Amino acid sequence: MINNNNDNLLHDASSQLCEAWLCEACCASNLLREFDSWAVFTHKNADGDTLGTASGLIEAGLNAGKAVAWYGPDAVFPNAYKFIRHADMYTPCIDKFKFEDQGVLYIFVDCANETRSVEIDDRVNLSDFKILNIDHHEDNTRFGIVNCVVPDASSTAEIMALILKAGNWNITLEIAKSLYTGMWTDTGGFAFSSTSARTHRLAAELIDLGVDAGEMTDLITQTKDIAGMALWGRALSRIKIFGDNKEFALSWLDLKDFAETGAVQANTEGLPACLMTLAGVRVAAFMNEMPGKAVKLSLRSRPGKFSAADIARALGGGGHPRAAGAIIHDRALNDVMNEIINMMLELDK
Ligand SMILES: [Mn+2]
0 MINNNNDNLL
10 HDASSQLCEA
20 WLCEACCASN
30 LLREFDSWAV
40 FTHKNADGDT
50 LGTASGLIEA
60 GLNAGKAVAW
70 YGPDAVFPNA
80 YKFIRHADMY
90 TPCIDKFKFE
100 DQGVLYIFVD
110 CANETRSVEI
120 DDRVNLSDFK
130 ILNIDHHEDN
140 TRFGIVNCVV
150 PDASSTAEIM
160 ALILKAGNWN
170 ITLEIAKSLY
180 TGMWTDTGGF
190 AFSSTSARTH
200 RLAAELIDLG
210 VDAGEMTDLI
220 TQTKDIAGMA
230 LWGRALSRIK
240 IFGDNKEFAL
250 SWLDLKDFAE
260 TGAVQANTEG
270 LPACLMTLAG
280 VRVAAFMNEM
290 PGKAVKLSLR
300 SRPGKFSAAD
310 IARALGGGGH
320 PRAAGAIIHD
330 RALNDVMNEI
340 INMMLELDK
């Protein structure tokens, strides 16, 4: 079982994969044990991974008698994830966050760098504080005193499971549900290429602990509303396929689309991945206009000559090789769209 020190997975995995993650996971677990007070930080535009990981970690902390708080930069907790345990503990930080207590362990989950979460006061030197950085983004800046960064993990929730196992923490059904949510959402239901045998083994262990896979899938996916569907209709109706081999797909939404359908930015979730279901498509770009003259770009790519992360970086963004994005300020949607199309056609040469 999951909390057994003789558990095969940990031993098999440590011999097969690089040892670095196991060492980092043990260090992370030790640091968690050491502090009686934790502050957990999730990233902006929170997704199921950052929220599920935070939720599972918080449950583990409370079970171990820790004082735990949860902070993030989003003004409201995403509706779609209200089912997540301890969602009610979430404290939005609209103003700059004051790091002041040396006795608190500050834990960032799924944040590639310190700017992904709450806004930090300029006068604060983060290196003066005890920061635990748990993440799977390959461009993570390792801003903590302990950095448990495992780029080949499907999700930060997967790393959290490894940390709890490495430290022999008691993984309850509630923790299992939270971590399963994080793993499910970051792998698109255990479907993306980031899904490894380890991901499946860990998920199987969570199911052994009582997680109902079908129930979790319903909780995670039955979130659409009519306004969101109408928005999707607009985006799907204007998909453009281009390139010599018709390998590129692109679609977009402007502010008028949101206003007329009554949909919100969160309703675009899943649209970029949906473009990748078109036959023959290797790269998909989805753009939506945001209030305040900004364009949000989401990119997806299949393994091969194109990298979503490279395209995103050229526009000031970043991410994973297969899924990346950027927020582009002070430029018109049309302008960004033309640049993307030209960039893709250039890549195709
Ligand atoms: Mn993630």
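Its first residue numbered 0, the sequence shown is counted upward by one per residue in numbering that gives the first Met the number 0.
Yeah, the Cβ is synthetic: ideal placement off N, Cα and C, and Gly gets one too.
Treat the numbers as computed from the prediction; the structure is a model and nothing was measured.
Environment of residue i [buried if 16+ CB atoms lie within 10 Å]
i: D207; result: exposed
i: R115; result: buried
i: R281; result: buried
i: G64; result: exposed
i: D46; result: buried
i: C22; result: exposed
i: H328; result: exposed
i: D11; result: Per-residue confidence for D11 stands at a pLDDT of 48, beneath the threshold of 50, marking its modelled position as unreliable; no derived number is given.
i: S236; result: exposed
i: E118; result: exposed
i: E246; result: buried
i: S192; result: exposed
i: P72; result: buried
i: R351; result: The structure shown has nothing for residue 351, since the chain only spans 0 to 348.
i: K99; result: Note that residue 99 is Glu in the sequence shown, not Lys. Per the 10 Å Cβ criterion, exposed.
i: I339; result: buried
i: I225; result: exposed
i: N5; result: The predicted position of N5 is uncertain, since its pLDDT is 40 and thus under 50; no value can be drawn from it.
i: E58; result: buried
i: D121; result: exposed
i: N341; result: exposed
i: N7; result: Residue placement at N7 is flagged as unreliable, the pLDDT there being 47, under the threshold of 50; a coordinate-derived value is accordingly withheld.
i: D87; result: exposed
i: G291; result: exposed
i: A175; result: buried
i: I219; result: buried
i: N266; result: buried
i: D334; result: exposed
Contact under 8 Å by Cβ, residue i with residue j
i: A248; j: I238; result: yes
i: W231; j: L332; result: no
i: Y70; j: A38; result: yes
i: G324; j: L344; result: no
i: I158; j: A165; result: no
i: S154; j: G188; result: no
i: M289; j: A283; result: no
i: A79; j: T222; result: yes
i: A272; j: G227; result: no
i: T358; j: T186; result: Outside the displayed range of the chain (0 to 348) lies residue 358, so it cannot be described from this structure.
i: E173; j: R84; result: yes
CA nearest to the CA of residue i, picked from the options
i: A111; options: Q221, P91 and I133; result: I133
i: V210; options: W183, S250, D329 and E338; result: W183
i: A322; options: E338, E345 and L296; result: L296
i: L161; options: V148, E173 and N266; result: V148
i: W168; options: R301, Q101, N337 and L56; result: L56
i: D138; options: G318, M336, V335 and I326; result: G318
i: K97; options: F40, I144 and L50; result: F40
i: T194; options: I174, T90, H135 and T260; result: H135
i: A258; options: S306, N287, G269 and E268; result: N287
i: H42; options: E173, S36 and F76; result: F76
i: G102; options: D127, I83 and Y89; result: D127
i: L163; options: I240, G60 and S300; result: G60
i: K304; options: R312, I144, P320 and V294; result: P320
i: S36; options: V294, A66 and V335; result: A66
i: A293; options: S306, G143, M336 and E268; result: M336
i: T349; options: A234, G143, G279 and F241; result: Because the chain in this structure spans residues 0 to 348, residue 349 falls outside the shown range and cannot be described.
Whole-angstrom C-beta distance between residue j and residue i, which should lie under 8 Å
i: T52; j: V123; result: That pair is no contact at about 24 Å.
i: L31; j: L104; result: 7 Å
i: L131; j: E113; result: No, L131 and E113 are not in contact; Cβ-Cβ is about 12 Å, not under 8 Å.
i: D243; j: D347; result: 6 Å
DSSP state of residue i mapped onto helix, strand, coil
i: E338; result: helix
i: A284; result: strand
i: S195; result: coil
i: C22; result: helix
i: G55; result: helix
i: F40; result: strand
i: D253; result: coil
i: P166; result: Residue identity differs from the one stated: residue 166 is Gly in this sequence, not Pro. Note: G166 maps to coil in three-state DSSP.
i: A357; result: No answer is possible for residue 357: the residues shown for the chain start at 0 and end at 348.
i: S300; result: strand
i: M275; result: coil
i: N333; result: helix
i: K348; result: coil
i: N29; result: helix
i: D180; result: Residue identity differs from the one stated: residue 180 is Thr in this sequence, not Asp. T180 falls in the helix class under three-state DSSP.
i: A66; result: strand
i: T46; result: According to the sequence shown, residue 46 is Asp rather than Thr. D46 falls in the coil class under three-state DSSP.
i: D134; result: strand
i: G60; result: helix
i: N146; result: strand
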